[in-house]
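Below: the structure, in structure tokens.
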Amino acid sequence: MEEERKTPRLDELERGPWPSFVTEIKRAAVKSEAADDLLGLLEKSYEDKVGHWKHGGIVGVKGYGGGVIGRYTDMPEEFPHLREFHTMRLNQPSGWFYTSEALRKICDIWEKHGSGLTNFHGSTGDVILLGTTTSELQPTFDEFSDAGFDLGGSGSDLRSPSCCVGPGRCEFACYDTLDMCFDLTNEYQDELHRPMWPYKFKIKMSGCANDCVAAIARADLSVIGTWRDCIRIDQDEVKAYAAGGLDIQTAVCDKCPTRALHFNARSGELSVDGEDCSRCMHCVNVMTKAIRQGREKGATLLIGAKSTIVKSAFLSWVVVPFMKLESPYTEFKELLSRIWDWWDENGKTRERIGELIYRVGMGEFLRAVGLPPVPQMVFRPRANPYVFWPEDEIVKQEQQAAPPESGQE
Ligand code: SF4
Ligand code: SF4
Numbered sequence: 039m040e041e042e043r044k045t046p047r048l049d050e051l052e053r054g055p056w057p058s059f060v061t062e063i064k065r066a067a068v069k070s071e072a073a074d075d076l077l078g079l080l081e082k083s084y085e086d087k088v089g090h091w092k093h094g095g096i097v098g099v100k101g102y103g104g105g106v107i108g109r110y111t112d113m114p115e116e117f118p119h120l121r122e123f124h125t126m127r128l129n130q131p132s133g134w135f136y137t138s139e140a141l142r143k144i145c146d147i148w149e150k151h152g153s154g155l156t157n158f159h160g161s162t163g164d165v166i167l168l169g170t171t172t173s174e175l176q177p178t179f180d181e182f183s184d185a186g187f188d189l190g191g192s193g194s195d196l197r198s199p200s201c202c203v204g205p206g207r208c209e210f211a212c213y214d215t216l217d218m219c220f221d222l223t224n225e226y227q228d229e230l231h232r233p234m235w236p237y238k239f240k241i242k243m244s245g246c247a248n249d250c251v252a253a254i255a256r257a258d259l260s261v262i263g264t265w266r267d268c269i270r271i272d273q274d275e276v277k278a279y280a281a282g283g284l285d286i287q288t289a290v291c292d293k294c295p296t297r298a299l300h301f302n303a304r305s306g307e308l309s310v311d312g313e314d315c316s317r318c319m320h321c322v323n324v325m326t327k328a329i330r331q332g333r334e335k336g337a338t339l340l341i342g343a344k345s346t347i348v349k350s351a352f353l354s355w356v357v358v359p360f361m362k363l364e365s366p367y368t369e370f371k372e373l374l375s376r377i378w379d380w381w382d383e384n385g386k387t388r389e390r391i392g393e394l395i396y397r398v399g400m401g402e403f404l405r406a407v408g409l410p411p412v413p414q415m416v417f418r419p420r421a422n423p424y425v426f427w428p429e430d431e432i433v434k435q436e437q438q439a440a441p442p443e444s445g446q447e
């Protein structure tokens with residue numbers, strides 16, 4: 039009888055009340071030799087304190103230029119079922135809504151052709167299918183295609199656009215994230231399927247500044263819902279919160295990042311300096327019944343987030359403070375195509391758009407894509423020494439952007 043694999047280090051990761059990926063790999067290992075080898079390799083990695091994967095590169099399937107991510111272990115003799123252990127990605131539906139039937143289909147196809155191990159979802163947003171061999175790639179792709187699925191982007195192309203659940207479940211959505219994600223995914227099939235740029239490009243859509251898809255930290259183009267007018271305050275509900283024991287001054291006003299909220303403890307009224315509100319969502323989150331977003335909704339567009347590659351990790355940077363987002367998203371798409379043209383012309387290999395802007399300057403980028411510099415692009419006055427406004431320009435901007443003075447309902 040085959041000796042049972044010993045994994046004392048991995049076993050530690052099964053302790054405690056939370057779910058454990060080790061438990062899941064052990065379950066898969068009952069049916070899959072690759073999953074069993076994976077337990078051994080992982081244990082070895084913890085023992086040696088190094089990862090035992092070689093740098094992958096891209097392996098191909100016919101009919102999909104974006105490729106599949108190649109994975110190979112550097113210990114193929116000891117773990118023969120991980121000699122090739124490629125990662126496939128499936129383009130996820132908007133907001134990650136599946137039917138049970140679709141999930142069963144994915145698992146059935148993957149158990150037939152791969153290790154059976156999945157990751158719902160990777161940081162791009164795709165379904166990640168962990169571990170198959172080179173010879174199984176094409177049959178897997180074909181079967182998924184026949185079942186109506188598409189591979190997710192990889193390589194130097196547009197990665198699968200992703201979005202929060204938005205209006206599907208959340209009252210805070212300032213635009214229809216689900217529709218926009220679906221629309222962009224269909225519109226940009228060429229960009230998803232063919233590597234055509236210096237490097238990858240990610241678009242992530244959050245319906246509000248709670249940013250549930252972490253667009254600001256991860257997307258080359260972050261689309262974050264916001265409103266142009268003022269938050270709306272219902273004073274009766276404010277009083278109900280106070281009567282219910284909420285310390286409005288401490289929990290809400292003192293935590294407003296721009297100190298735009300003022301609570302009058304004597305009258306029990308809450309007021310806002312609409313001009314100072316940065317639409318961060320804090321007060322709306324805490325006093326959902328009393329404070330609502332403004333009525334005029336759209337999104338802020340930000341550019342350039344990424345993790346460390348050529349330069350260190352960046353958060354994305356506001357380039358359009360407010361844009362209405364309604365199907366067919368023409369203004370957005372026109373801007374996007376100018377951004378891509380400029381990046382494609384000027385970017386070096388493996389240079390994300392944020393890194394290119396960092397190299398040549400925001401001013402150059404704004405001129406090239408035809409966007410005006412606006413105060414929302416800087417954190418606070420003089421935080422950025424490279425952007426200047428003449429005085430009359432500031433007055434003009436303020437007049438254009440001025441929201442109503444107060445948010446009384
Ligand atoms: Fe809701 Fe905002 Fe989160 Fe989207 S980002 S799910 S709209 S809270
Ligand atoms: Fe302050 Fe505006 Fe954020 Fe409310 S949404 S906490 S008023 S910045």
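Here the sequence shown is numbered in our numbering, starting from 39 and rising by one per residue. Note that beta-carbon positions come from the ideal geometry of N, C-alpha and C, so glycine has one too.
Setting aside the 5 residues that flank it on each side, A257 is surrounded in the same chain by K240, I241, K242, A343, S354, each with a C-beta closer than 7 Å to its C-beta; the list follows chain order. When distances are taken from the beta-carbon of T215 to the heavy atoms of ligand 1, the shortest one is below 7 Å. Residue pairing by DSSP leaves W134 without any beta bridge partner.
Assignment of P46 by DSSP, reduced to helix, strand and coil, places it in the helix class. M400 has its alpha-carbon roughly 9 Å from the corresponding atom of L394. Between the alpha carbons of A337 and D311 lies a gap of roughly 21 Å.
Judged by DSSP in its simplified three-state form, W378 adopts helix.
Checking the DSSP bridge columns, you'll see A337 partnered with G263, M361. In the DSSP secondary-structure assignment, L155 is bridged to L168. The C-beta separation of W381 from P236 comes to about 7 Å, placing the pair in contact by the 8 Å criterion. Taken through DSSP and simplified to helix, strand or coil, E307 comes out as strand. Three or more beta-carbon pairs separated by less than 8 Å are not found between the region 41 to 49 and the region 94 to 104, which leaves the two stretches without contact. Nearest in C-alpha terms to G133, of all of S161, C201, V324, N302, is C201. Taking 4 residues as the minimum length, the alpha helix (DSSP H) runs contained wholly in the region 230 to 292 are 253 to 256, 273 to 281, 286 to 289, in order along the chain. When C-alpha distances from L404 are compared across S183, P114, A73, L340, the shortest belongs to L340. The beta carbon of K327 is closer than 8 Å to those of D272, E275, A278, Y279 in its chain, skipping five residues each way along the sequence.
By the C-beta criterion, the region 184 to 197 is judged to be in contact with the region 115 to 132, since at least 3 inter-stretch pairs fall below 8 Å. Rounded to the nearest whole angstrom, the C-alpha separation of K143 and V398 is 48 Å.
M126 sits in a strand when the DSSP states are folded into three classes. As computed with DSSP, C212 is found in no beta bridge at all. In the DSSP secondary-structure assignment, V97 is bridged to V106. Under the three-state reduction of DSSP output, C321 falls in the helix class.
Per DSSP, the continuous alpha helix (DSSP H) segment holding F403 begins and ends at 400 to 407. Linking S375 to N302 through their CA atoms gives a straight-line distance of about 49 Å. Restricting attention to R330, I347, E429, the CA atom closest to the CA of D267 is found in R330. Inter-residue distance for V251 and S70 is about 33 Å (C-alpha atoms, whole angstroms). Taking every protein chain shown into account, the CB of D214 has 16 or more other CB atoms within 10 angstroms, so this residue is buried.
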